[in-house]
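K.L.:
Residue numbers (our numbering), protein chains in the order written: chain R, 726 to 1514; chain U, 401 to 569.
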C-alpha cells in the first residue's frame, strides 16, 4: 500500500480553485480536451441531461461540479469539531432527566475524582453570563424569553443541559458525566399537543382574511372539510452540533461552530459574555447539513465559550446524536381545512386553521395557513393560527417552514375535493389557478410558470394514463397509486455585502460572511463572479463562513443564492467602474469618453459593448493606474415595489406501490417540475430539489419524533429509531426546471431552491396512497399500521 | 446506587499497532477507545466522521483489512495488527480514487459530511462483489445515511466507479 500523505487542508473558508476544479473540468465546463489531460475519468462524465447548452464563457446556467467537491471527497473539508489544537479540553453535557421543575442539588464529587477530569460547571459554579433576556436574543430569535444554558436551576425541558464536565480526554468527560448526580424537585409537565389543544391562543391574523368564508362554505355546491396532523420532526443533519473554541490568548477566542450564520453567533456570544467584537471570531467553512437547525445559535456554543473562559484554555463540545433532540424541531401541528366549490370545480371558500406548538418560554411560529389563499383563486378565504405551549425546547424553522406543513394539509384537502367533485385532481388545480396574490393587495406575480410545471410534469409522469378510480391499478401483489400536488415558496432576499479583490494577474477573491450548508453556495458564487468579472472559473476563489468577512444574514429561507449573487454583481460593477476610471488614463484611451454602461468585463479585459475591438487587458489597466489590485466592498439591498408577489412554484407527481396484504408502501416514482426563476447551476440545483423530494418521502412515510408523555422525554432520540429515508427507500426521482424568466424579482431573476423541492411532496405521496388503497390517512407519517386499521 | 465503585482508573493503557493508510502506527490507548476516536483525535485523520457513535449512520465507515466497518463500533484494541484505510488513504497521494472522482462527477453529496463514509462503504461494497444491480447497490448502501439525500447520485457514482474499476482493476 502506498505511503500515506495527508492532503493539504484548505485554509479556513478559502477554497483553493486550483485544487478543486477537477469536477468542473470533468463536466465539460472547460472543454473535454483539457479534461482528458487533467482528470483520469473525465471521459465518463455524466448527467448530460442536466447540462444546458451555453457559450463556454457563461458559467451561470451551466452544470458545474462543486468547487469544494475535492475537499469533501478526500476528507480535507474540516467541520466544527475537526479543528485540532494542542491542549484541547473536551466537554460533555449532563442533561436533565425531568421535563419541568428545578434543580435541588448537583453532586459532582464523584465525577471530579475521575483522573483527567478538570472541572464540572453548573449554574452554581460558572463564570459570569449576561442576566437580561435581551442579551440572549439572537438575530432570528422569536418573541419571548430565550433559553439560557446553565444559567439557573429551572428545568424547562427534558434533556436540558444541567452540568458540563471538562476533561483532558473525550471518553473521560463522557464517563464522568455519568457520575454527576442531580436531584430535582419535579413539577407537572405537559408535552402532548392534543392535551394542550384547548389551551391554544390565537396569534395575530397572519394575512387579512377576505370575504366571508363561512357563509360561502355553507352555500357551496360541493364541500370538503378535514383535519390533518403533522408530528414533531427533527432535522438530524449528519454532522452533530459542535463548537471548538480556541483560546487565542488575551481573552481572544476563535469559535469553530456548526451554524448557518457566523455573524449571528458572533454577536450572540459577544452579547452573552460582554466581549469586544474584535475578540470573538466565528468560523464555519463547512457545515454538515443544518436544514434550519443552525439558524439560531445552539446551546453548545454558549457552553463551549463558557468553559474556555472558565479554564482559559481551548475547549471542544460535541453534542451526541441523542442530545441533538434537545434542540429545536419542526412543530407538531393540527390543521383544519374547509373548501367550498361550485360543481364546475372553482373554489369559492377556503378556511385554513392551524394549531402549532412551542416551548413555555418563546413563541415560535410561522405562517402555515395563508399559503392556501395564495395558491388558489377564491373570493373568500379565512385564516386562523393558534399556538400552544409545551414543556419542550422552542420549536424552530425546519426546511420549508410553514409551507411544507401548510401545503401538505391544503393539497391533501384539494385531492379530497377533487374526489368529491369526480374531477381529475390536476384539472381541479387548473380550474382554481390563481394569477394574482389575493392575500396581499391582489397583485400579480413577478413571474409564475406553474401552469408549465403542471404540463411538463404530467407529461413526463404519464399522468394522462391515470385511472381515477382508487384501487384500480395494480402490479402483481401491489396496489399502484398515482397522486399529485402543488408546491409554493416565497422568493426572499436579504441585504448583503460582498467584497471583491481583483489582482493584476486576473484572479479575484470574493468574500462574504454567508454559509454553504451543502447547498452549493461556494460554487454558485464562483460562477456568478466569473461571469460578472469576465474571468475563467478557476481564477475565482471564494471566502465565506467567517464572521470577519463582509456582512451576511443567516443562510436560510432559500434567500442566499439570490442575495449573494446579485451582491456579487453589484460589487463587480464597482470593480468595472474603477477599472474604467483607470483606463481613461491610458494614452489615447479607447474609453476616454465611455460611460460605465458602455463597457463590460470579458476574457480578462475591459471591453467596449459598442465595439468589441476596443479593449484593454486588466493587467494593462492596473499597470497604467499603478496599482496591483482593485478592491471593492458594496452592499446590496432589494427593494420590493409592493406591486408584485415573489414566489417559486412546483408540481409534484408521485407513484406508490402498496402491498395489498402487508400495506408496505414504496414510493417508486416522483416527478418534480419546478419554476424558480433562473437556475444558476443545474447540477447542484438538481441535487437540492432531489434532496427535498426525499425529505418529502421521509415526511410522508417515516419521520416522527415520539415522546413518552409520562416522562416528557423523547423515546426515539437516535437516528435508527427516528426513521429517515435510506438509499433503499429512494427510487426514480426526476427533476424538471421549467423555464421562468423574471426581470422583476431581482436583476438576475433568481428565486432560490432550498425549500421548494420539499413543499408539496408529502401531499402528492399521501394522495397516491389514497389512490392506491382507497384509504385516506390524514396524520403523518403514513405507516403501514395506519393502512391496516 | 452501584456507581460508587466506577471511579475510573484511566492509566492502564494498552499498546496496539495498526497500519493506517500504509503507515505503521503504534497507539497507547485506553481500552474503551474506538477506532473512530483514535483516527480523529490521535492521528488527526478527521476525514472519518462521527455522525451518531452508535453504528446507526455509517458516517464513520472505514476499511479494515479491506472490509468496510463502522469505526465507531470498533475498539482499537480489537484490531491489533490490522490494516486500516480511511478516506485520506484511499487514493495514491495527490490523486483521486475512481469513487472519489465519480462522487464529484455525479454530485453524489451536498454537505459532504457522510461522504467519506459513503465512499469507503462503496469501496467495500465493490470489493465484496455482491452488488450487480441498482437495487442491490441501494440495499447494500443503506447502512450509510445521507440526510441531504443524494442517494440516486450515490448509486450513479458507484455504478460509474464499478465500471472503471472493472476495466482498470
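Glycine included, C-beta positions come from ideal geometry on N, C-alpha and C. Small disclaimer: the values here were computed from a predicted structure and weren't measured.
Compare the beta carbon distance of residue 1117 (chain R) and residue 882 (chain R) with 7 Å and say whether it is the shorter of the two.
P.N.:
Position 392 of the first chain, counted from the start, is the residue given in the question as residue 1117 (chain R). Position 157 of the first chain, counted from the start, is the residue given in the question as residue 882 (chain R). In this structure, residue 882 (chain R) lies closer than 7 Å to residue 1117 (chain R) by Cβ.
K.L.:
Residue 1254 (chain R): which of R:830, R:1234, R:958 and R:795 sits nearest, CA to CA?
P.N.:
The residue given as residue 1254 (chain R) occupies position 529 in the first chain. Residue R:1234 is the option with its Cα nearest to residue 1254 (chain R).
K.L.:
Specify, as a first and last residue, the run of the beta strand (DSSP E) that residue 1192 (chain R) falls within.
P.N.:
Stepping through the first chain from its first residue, residue 1192 (chain R) is reached at position 467. Run containing residue 1192 (chain R): none; DSSP gives neither H nor E here.
K.L.:
Inspect the beta-carbon positions of residue 1205 (chain R) and residue 1196 (chain R) and report whether they are closer than 7 Å.
P.N.:
Taking the first chain and counting its residues from 1, the one referred to as residue 1205 (chain R) is at position 480. Taking the first chain and counting its residues from 1, the one referred to as residue 1196 (chain R) is at position 471. No, Cβ-Cβ distance for residue 1205 (chain R) and residue 1196 (chain R) is not below 7 Å.
K.L.:
Going by other Cβ atoms of all chains shown within 10 Å of its Cβ, with 16 needed for buried, is residue 418 (chain U) buried or exposed?
P.N.:
For this step, residue 418 (chain U) is matched to residue 18 along the second chain. Buried is the call here.
K.L.:
Using a Cβ-Cβ cut-off of 6 Å (strictly less than) and excluding sequence neighbours within five positions of residue 1277 (chain R), which residues of its own chain qualify?
P.N.:
As a first step, residue 1277 (chain R) is located in the first chain; it is residue number 552 there, counting from the start. Same-chain partners within the cutoff: 1221, 1237, 1238 and 1239.
K.L.:
Taking residue 481 (chain U) as the query, report the chain R residues whose CB atoms sit under 8 Å from its CB, ordered along the chain.
P.N.:
Position 81 of the second chain, counting from 1, holds the residue named residue 481 (chain U). Near residue 481 (chain U) there are no residues of chain R at all, since even the closest Cβ is about 14 Å away, more than 8 Å.
K.L.:
Should residue 983 (chain R) go down as buried or exposed, given a rule of 16 or more other Cβ atoms within 10 Å for buried?
P.N.:
Taking the first residue of the first chain as position 1, residue 983 (chain R) is located at position 258. So residue 983 (chain R) ends up on the buried side.
K.L.:
Which first and last residues belong to the beta strand (DSSP E) in which residue 1397 (chain R) is found?
P.N.:
As a working note, residue 1397 (chain R) is residue 672 in the first chain. 1390–1400 is the extent of the beta strand (DSSP E) around residue 1397 (chain R).
K.L.:
Residues in the same chain with beta-carbon distance under 6 Å from residue 1370 (chain R), minus the five sequence neighbours each way, listed in chain order, please.
P.N.:
On the first chain, position 645 is the one that residue 1370 (chain R) refers to. The residues are 1162, 1168 and 1170.
K.L.:
With 7 Å as the threshold, decide whether the Cβ of residue 1281 (chain R) is near any Cβ in chain U.
P.N.:
Here residue 1281 (chain R) is taken as the residue at index 556 of the first chain, counted from 1. No - not a single Cβ of chain U is within 7 Å of the one on residue 1281 (chain R).
K.L.:
Checking contacts by CB at 7 Å: is residue 562 (chain U) closer than that to chain R?
P.N.:
Taking the first residue of the second chain as position 1, residue 562 (chain U) is located at position 162. For residue 562 (chain U), the answer is no, since every Cβ of chain R falls outside 7 Å of its Cβ.
K.L.:
Given a cut-off of 7 Å, decide if residue 498 (chain U) and residue 564 (chain U) are closer than it, judged by their beta-carbon atoms.
P.N.:
Here residue 564 (chain U) refers to the residue found at position 164 of the second chain. Here residue 498 (chain U) refers to the residue found at position 98 of the second chain. Going by C-beta atoms, residue 564 (chain U) is nearer than 7 Å to residue 498 (chain U).
K.L.:
Count the other CB atoms within 10 Å of the CB of residue 444 (chain U); is the residue buried (16 or more) or exposed (fewer)?
P.N.:
Translated into positions along the second chain, residue 444 (chain U) becomes position 44. With fewer than 16 other Cβ atoms within 10 Å, it is exposed.
K.L.:
When the Cβ atoms of the stretch 1415–1427 of chain R are set against those of the stretch 804–814 of chain R, are three or more pairs found closer than 8 Å?
P.N.:
The stretch 1415–1427 of chain R is not in contact with the stretch 804–814 of chain R.
K.L.:
Measuring CA to CA, which of R:1509, R:1395, R:1361 and R:1387 is closest to residue 1471 (chain R)?
P.N.:
Here residue 1471 (chain R) is taken as the residue at index 746 of the first chain, counted from 1. Checking every option, the nearest Cα to that of residue 1471 (chain R) belongs to R:1361.
K.L.:
Can you give the Cα-Cα distance for residue 1244 (chain R) and residue 945 (chain R), rounded to whole angstroms?
P.N.:
The residue labelled residue 1244 (chain R) in the question sits at position 519 within the first chain. The residue labelled residue 945 (chain R) in the question sits at position 220 within the first chain. Cα-Cα distance, rounded: 45 Å.
K.L.:
Under a CB-based cut-off of 7 Å, is residue 800 (chain R) close to chain U?
P.N.:
As a first step, residue 800 (chain R) is located in the first chain; it is residue number 75 there, counting from the start. Cβ-Cβ to chain U under 7 Å: yes for residue 800 (chain R).
K.L.:
According to DSSP, simplified to helix, strand and coil, what is residue 1349 (chain R)?
P.N.:
Against the first chain, residue 1349 (chain R) aligns to sequence position 624. Of the three classes helix, strand and coil, the one that applies to residue 1349 (chain R) here is helix, per DSSP.
K.L.:
If you measure from the beta carbon of residue 472 (chain U) to each beta carbon in chain R, is any gap under 7 Å?
P.N.:
In the second chain, the residue the question calls residue 472 (chain U) occupies position 72. No, because no Cβ of chain R sits closer than 7 Å to the Cβ of residue 472 (chain U).
K.L.:
In three-state terms, what does DSSP make of residue 977 (chain R)?
P.N.:
As a position in the first chain, residue 977 (chain R) is number 252, starting the count at 1. Looking at residue 977 (chain R) - three-state DSSP - the assignment turns out to be coil, as it is neither helix nor strand.
K.L.:
When DSSP labels each residue in this structure, what does residue 756 (chain R) get in the three-state scheme?
P.N.:
Reading the first chain from its first residue, position 31 is the one you call residue 756 (chain R). Confidence in residue 756 (chain R) is poor, its pLDDT being 24 and thus under 50, which makes the residue's placement unreliable; the coordinate value appears in the next sentence. Three-state DSSP puts residue 756 (chain R) in coil, outside helix and strand.
K.L.:
In terms of alpha-carbon separation, which member of R:1175, R:1208 and R:1203 lies closest to residue 1190 (chain R)?
P.N.:
As a working mapping, residue 1190 (chain R) is identified with position 465 in the first chain. Among R:1175, R:1208 and R:1203, the Cα nearest to that of residue 1190 (chain R) is on R:1208.
K.L.:
Which of the three DSSP states, helix, strand or coil, is assigned to residue 439 (chain U)?
P.N.:
The residue labelled residue 439 (chain U) in the question sits at position 39 within the second chain. Looking at residue 439 (chain U) - three-state DSSP - the assignment turns out to be helix.
K.L.:
Identify the continuous beta strand (DSSP E) that holds residue 826 (chain R) and give its terminal residues.
P.N.:
Within the first chain, numbered from 1, the residue matching residue 826 (chain R) stands at position 101. Element bounds for residue 826 (chain R): 826–832.
K.L.:
Closer than 7 Å, CB to CB, is residue 521 (chain U) near chain R or not?
P.N.:
Taking the second chain and counting its residues from 1, one reaches residue 521 (chain U) at position 121. For residue 521 (chain U), the answer is no, since every Cβ of chain R falls outside 7 Å of its Cβ.
K.L.:
Just the Cα atoms here: how many angstroms apart are residue 1306 (chain R) and residue 1322 (chain R)?
P.N.:
Stepping through the first chain from its first residue, residue 1306 (chain R) is reached at position 581. Stepping through the first chain from its first residue, residue 1322 (chain R) is reached at position 597. Taking the straight line joining both Cα atoms gives about 13 Å.
K.L.:
Answer yes if the stretch 1339–1348 of chain R comes into contact with the stretch 1455–1467 of chain R, meaning at least three C-beta pairs across the two stretches below 8 Å, and no otherwise.
P.N.:
Verdict: no, contact absent.
K.L.:
Taking the runs of the beta strand (DSSP E) that are 3 residues or longer, which of them lie wholly in the stretch 1222–1258 of chain R?
P.N.:
Runs of the beta strand (DSSP E) inside the stretch 1222–1258 of chain R: 1233–1236.
K.L.:
Short of 7 Å Cβ to Cβ, which residues in the stretch 1004–1024 of chain R face chain U?
P.N.:
Listed by position along the chain: 1011, 1012, 1013 and 1014.
K.L.:
Unbroken beta strand (DSSP E) runs of length 3 or more, entirely within the stretch 986–1071 of chain R: which are they?
P.N.:
The qualifying runs are 1005–1008, 1040–1043 and 1058–1066.
K.L.:
Excluding the 5 residues flanking residue 560 (chain U) on each side, which residues of the same chain have their C-beta closer than 6 Å to its C-beta?
P.N.:
Here the question's residue 560 (chain U) lines up with position 160 in the second chain. The residues are 502.
K.L.:
Report, in whole angstroms, the separation of the C-beta atoms of residue 866 (chain R) and residue 1021 (chain R), which I expect to be a contact under 8 Å.
P.N.:
Within the first chain, numbered from 1, the residue matching residue 866 (chain R) stands at position 141. Within the first chain, numbered from 1, the residue matching residue 1021 (chain R) stands at position 296. At roughly 7 Å, the Cβ-Cβ gap stays under 8 Å, so residue 866 (chain R) and residue 1021 (chain R) are in contact.
K.L.:
Quick one: list the residues of chain R neighbouring residue 447 (chain U), beta-carbon separation under 8 Å, in chain order.
P.N.:
For the purposes of this step, residue 447 (chain U) is identified with residue 47 of the second chain, where counting begins at 1. Under the 8 Å cutoff, chain R gives 799, 800 and 801.
K.L.:
Can you check whether the C-beta of residue 427 (chain U) is within less than 7 Å of a C-beta belonging to chain R?
P.N.:
As a working mapping, residue 427 (chain U) is identified with position 27 in the second chain. Judged by the 7 Å Cβ criterion, residue 427 (chain U) is not in contact with chain R.
K.L.:
Going by DSSP, what residue range makes up the alpha helix (DSSP H) through residue 899 (chain R)?
P.N.:
In the first chain, the residue the question calls residue 899 (chain R) occupies position 174. First-last of the alpha helix (DSSP H) with residue 899 (chain R): 895–902.
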